[in-house]
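What follows is a short report on a single structure.
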């Protein structure tokens, strides 16, 4: 007949089941063939041959086999039970390791306190338990069923200081679910940011439709009510541009026209662009139209068309239709009538931006993207690894922001980029003393196309 059990259910460092009986600790070995009994070995593997049999139905002790080579150690049993409780608490709450250790071990006996592991050892156990819990979280089958562990929804800005990191979520059951990550405390100063480069937070969207971008902006404004930029720089995502201008009608939206490589790829011209310097310069002269004063744009396109290799004419036509507007007809007085372009000229022209000393590129956002890719180390991380990577990137940005708060200037531009800025400004200031083709060639020699 089974005797009442005086054991506690424990967990080893490797996640195996352990239990205690009469001052000894046992590790689960296996079950009997008929499934009615559970066999346990003394945790001093190899040195001790003692065994324990328990009932699979009620966990009662059936019998003890062999003689222990080690003496009963109730203090070790108590510490093992406390360490198991510590790991379980670590998986369930967001307290710091020191807070957890103090909370779990405050009721320990004096005998147990004398044999406790160091705080460093216990802290490592807590961190391992939390990482294992996140690793074991099942990958969701679809975005509507995602359940994010509490550990990943919080951000530890400094030891013991936590805040929300999942700042927006359209909720379980939403097939078009949006998850928004960022520091909750950013809302305290985001109202001071007038220019945004679309790298202020991290959003996971199922697609790039205007409706979803609009919902994303609503989530951002709900998390950070003071978010009201006066200018924004972004890639050519028309859905985002429309959603942003609808939400912030008075804000300036600016886009970079350098991303023309995709069109070259569509026309099978990338190989020539990469291997023929003159051809690459001619291709960049199309992008250099962004440096032309808007009033001179029609004439510049006409003169460039004569100078370009015929293989690049489809690229120029694409640029003209998309950014300037398709040609409809020419009036008797020479006035050119065009369709409305997909992107208004004021969104992409850098002529005035150069004169005013404003940014001409979206390189800040590009650098942020590269930083993320470097952090993950893989192209398609799972969701949990992705969130952990975001937190590491955020810690780096916290460091940069702290330097800004302490009065440090941003890193100075490299000398070669300062020289490029000087040359481009010189060209733009003297547009009318150059031929159009010479001006475009000069501008094109000072930049490269982004992917």
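Numbering (full-length UniProt numbering), first residue to last: 1 to 451.
Beta carbons are placed, not taken as given, at the ideal position from N, Cα and C, and that holds for glycine.
- When the Cα atoms are used, what is the spatial distance from residue 302 to residue 205? Answer to the nearest angstrom: the Cα atoms are 41 Å apart.
- Write down the C-beta distance between residue 304 and residue 436 rounded to the nearest angstrom, noting that I regard them as a contact closer than 8 Å. With a Cβ gap of about 7 Å, residue 304 and residue 436 count as contacting.
- Is it buried or exposed for residue 323, if we count other Cβ within 10 angstroms and need 16 for buried? Classification of residue 323: buried, given that the 10 Å Cβ count is 16 or more.
- In angstroms, rounded to a whole number, what distance separates the CA positions of residue 483 and residue 24? Lying before the first or after the last residue shown, residue 483 is absent from the chain, which here runs from 1 to 451.
- Message: What does the alpha-carbon distance come out to for the pair residue 168 and residue 228?
- Response: About 17 Å.
- DSSP state of residue 441 mapped onto helix, strand, coil: In the structure shown, residue 441 sits in a helix (DSSP, three-state: H, G or I).
- Item | Cβ pair count under 8 Å reaching 3, the region 101–109 against the region 151–169 | No, the region 101–109 is not in contact with the region 151–169.
- Determine the extent of the alpha helix (DSSP H) in which residue 273 is found, giving its start and end residues. First-last of the alpha helix (DSSP H) with residue 273: 270–275.
- Item | Inter-residue spacing [alpha-carbon to alpha-carbon] between residue 217 and residue 333 | It is roughly 46 Å from the alpha-carbon of residue 217 to the alpha-carbon of residue 333.
- Task: For residue 386, count neighbouring Cβ atoms within 10 angstroms of its own Cβ and tell me buried if that reaches 16, exposed if not.
- Result: The residue is buried, with at least 16 neighbouring Cβ atoms inside 10 Å.
- Query: To which residues of the same chain is residue 69 closer than 6 Å at the C-beta, ignoring the five residues directly before and after it?
  - Reply: Excluding residues up to 5 positions away in sequence, 47, 48 lie with their Cβ nearer than 6 Å to the Cβ of residue 69 in the same chain.
- Local conformation of residue 29 per DSSP, three classes: In the structure shown, residue 29 falls within a strand segment according to DSSP collapsed to helix, strand and coil.
- Three-state secondary structure (DSSP) at residue 131? In the structure shown, residue 131 sits in a helix (DSSP, three-state: H, G or I).
- Nearest candidate by alpha-carbon position, reference residue 212, set 238, 191, 354, 232: Nearest of 238, 191, 354, 232 to residue 212, Cα basis: 238.
- Three-state secondary structure (DSSP) of residue 121: Helix.
- Message: With H, G and I counted as helix, E and B as strand and the rest as coil, what does DSSP make of residue 348?
- Response: Residue 348 falls in the helix class under three-state DSSP.
- Task: Counting only the same chain and skipping the five closest in sequence on each side, list residues whose C-beta sits under 7 Å from that of residue 3.
- Result: Caution is warranted here: a pLDDT of 38 is assigned to residue 3, below 50, making its placement in the model unreliable, and the coordinate value is therefore given only provisionally. Cβ neighbours of residue 3 beyond the five flanking positions: 60, 61.
- Task: Thinking residue 80 and residue 33 are a contact (beta carbons under 8 Å), I'd like their distance in whole angstroms, please.
- Result: Rounded, the Cβ-Cβ distance is 30 Å, inconsistent with contact.
- So the beta strand (DSSP E) residue 307 belongs to, where does it begin and stop? Per DSSP, residue 307 lies in no beta strand (DSSP E) segment; the continuous alpha helix (DSSP H) that holds it begins and ends at 297–307.
- Message: Taking DSSP's pairing of strands, which residues face residue 57 in a bridge?
- Response: Per DSSP, none; premise fails for residue 57.
- For residue 282, I'd like the list of residues in its chain whose CB is within less than 7 Å of its CB, leaving aside the five on either flank, ordered along the chain. Around residue 282: 308, 309, 312.
- Message: Would the region 117–133 count as touching the region 86–94 if we require 3 or more Cβ pairs under 8 Å?
- Response: Yes: at least three Cβ pairs fall under 8 Å.
- Task: Could you check the C-alpha separation between residue 145 and residue 349 for me, to the nearest Å?
- Result: Cα to Cα, residue 145 sits roughly 44 Å from residue 349.
- Message: Check whether the region 412–424 and the region 171–182 touch, using three or more Cβ-Cβ pairs below 8 Å as the test.
- Response: No: the two stretches stay apart, fewer than three of their Cβ pairs being nearer than 8 Å.
- Enclosing alpha helix (DSSP H) for residue 220 [first to last residue]: For residue 220, the enclosing alpha helix (DSSP H) stretches over residues 210–223.
- Residues bridged to residue 40 by DSSP? Note: residue 40 sits in a beta bridge opposite 28, 52.
- Residue-level contact to chain B via CB, residue 80, 9 Å cutoff: In the structure shown, chain B cannot be found, because there is only a single protein chain.
- Message: Please report the straight-line C-alpha distance between residue 153 and residue 130, rounded to a whole angstrom.
- Response: Each residue's Cα considered, the two are about 13 Å apart.
- Task: On the DSSP bridge assignment, give the partners of residue 163 in chain order.
- Result: DSSP lists 155 as partners of residue 163.
- Straight-line Cα distance separating residue 383 from residue 389: Their backbone Cα atoms lie some 10 Å apart in a straight line.
- Would you report the Cα separation of residue 31 and residue 104, rounded to the nearest angstrom? In a straight line, the C-alpha of residue 31 is about 32 Å away from that of residue 104.
- Query: Whose C-alpha, out of 359, 208, 319, is nearest the C-alpha of residue 341?
  - Reply: In terms of Cα proximity to residue 341, the closest of 359, 208, 319 is 319.
- Would you decide whether residue 335 is buried or exposed? Buried here means 16 or more other CB atoms lie within 10 Å of its CB. With fewer than 16 other Cβ atoms from the protein chains shown falling within 10 Å of its own Cβ, residue 335 counts as exposed.
- Message: Rounding to the nearest angstrom, what Cα-Cα distance links residue 118 and residue 98 in this structure?
- Response: If you take the alpha carbons of residue 118 and residue 98, they lie about 11 Å apart.
- Query: Using the beta-carbon count (16 or more within 10 Å), is residue 182 buried or exposed?
  - Reply: Buried, because 16 or more other Cβ atoms sit within 10 Å of the Cβ of residue 182.
- Alpha-carbon spacing of residue 142 relative to residue 381, whole angstroms: Approximately 15 Å between the Cα atoms of the pair.
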